[in-house]
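In terms of full-length UniProt numbering, the sequence shown has 109 at position 109, counting the first letter as 1, and numbering is strictly consecutive. Step one of this worksheet: look at the structure below.
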Amino acid sequence: MSRRAAPRRVTMADRAAMAGREHSGVDLELAHAEALVVPQVDPAAARAEAAAAERVVRRRVAGAAEQRELLAMLGLRSADPAPPAPPRPIAHGTHRGYVAHQRRGEAACGECRAAHSAYTADRHRLTRVRRREARDA
Ligand SMILES: [Zn+2]
């Protein structure tokens, strides 16, 4: 007796499988995991399932661009990459500003260098005081 698949609507899993043919990192196993994404009446359940499906994609698909593309195909995320956040302005003349310069791989400005020197000197002074107190206690 031959079994014939009953006609059924196209599910998220089918879409993931179709996407998988074009995505080297995606396979049928993923498609089956994507079956988690089914239309839900309860918005909380829908969010939970979307989150579960997203975790699967993030875990199994290498490459941020591929992940975004697949998530977009599944209707979970926009295909457009999030625009990079504009760099926050440096608070010059502060230790924080000095650190921000460092993080950007640039030489600190004079104001920030001075603030950093003062900060470091304060820290050393504090350490000396604490050591003395510990010794004299
Ligand atoms: Zn600065």
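Every residue gets a Cβ at the ideal spot worked out from N, C-alpha and C, and that includes glycine. Just so you know, these numbers come straight off a predicted model, no measurement behind them.
Practice task
Specify the secondary structure class of residue 43 as computed by DSSP and reduced to three states.
Solution key: Numbered from 1 along the sequence shown, position 43 holds the residue referred to as residue 43. Three-state result, residue 43: helix.
Practice task
Whole angstroms is fine: what's the gap from residue 71's alpha carbon to residue 57's?
Solution key: Looking up residue 71 in the sequence shown gives position 71. Looking up residue 57 in the sequence shown gives position 57. Looking at the backbone, the Cα of residue 71 and that of residue 57 are separated by about 7 Å.
Handout entry: Below-7 Å beta-carbon distance, residue 132 vs any chain C residue
Key = The structure shown contains no chain C, having only a single protein chain.
Problem - Short Cβ contact (7 Å threshold) for residue 95 with residue 116 - result: By one-based count along the sequence shown, residue 95 stands at place 95. By one-based count along the sequence shown, residue 116 stands at place 116. Going by C-beta atoms, residue 95 is nearer than 7 Å to residue 116.
Practice task
State the Cα-Cα distance for the pair residue 187 and residue 114, rounded to the nearest angstrom.
Solution key: The first residue shown for the chain is 1 and the last is 137, placing residue 187 beyond what the model contains.
Practice task
Run through the stretch 43-126 for me and flag every whole alpha helix (DSSP H) of 4 or more residues, listed as ranges in chain order.
Solution key: 43-60, 64-73 and 95-103, all fully within the stretch 43-126.
Handout entry: Residue environment, residue 102, which counts as buried when at least 16 other CB atoms sit within 10 Å
Key = Taking the first residue of the sequence shown as 1, we reach residue 102 at position 102. Per the 10 Å Cβ criterion, exposed.
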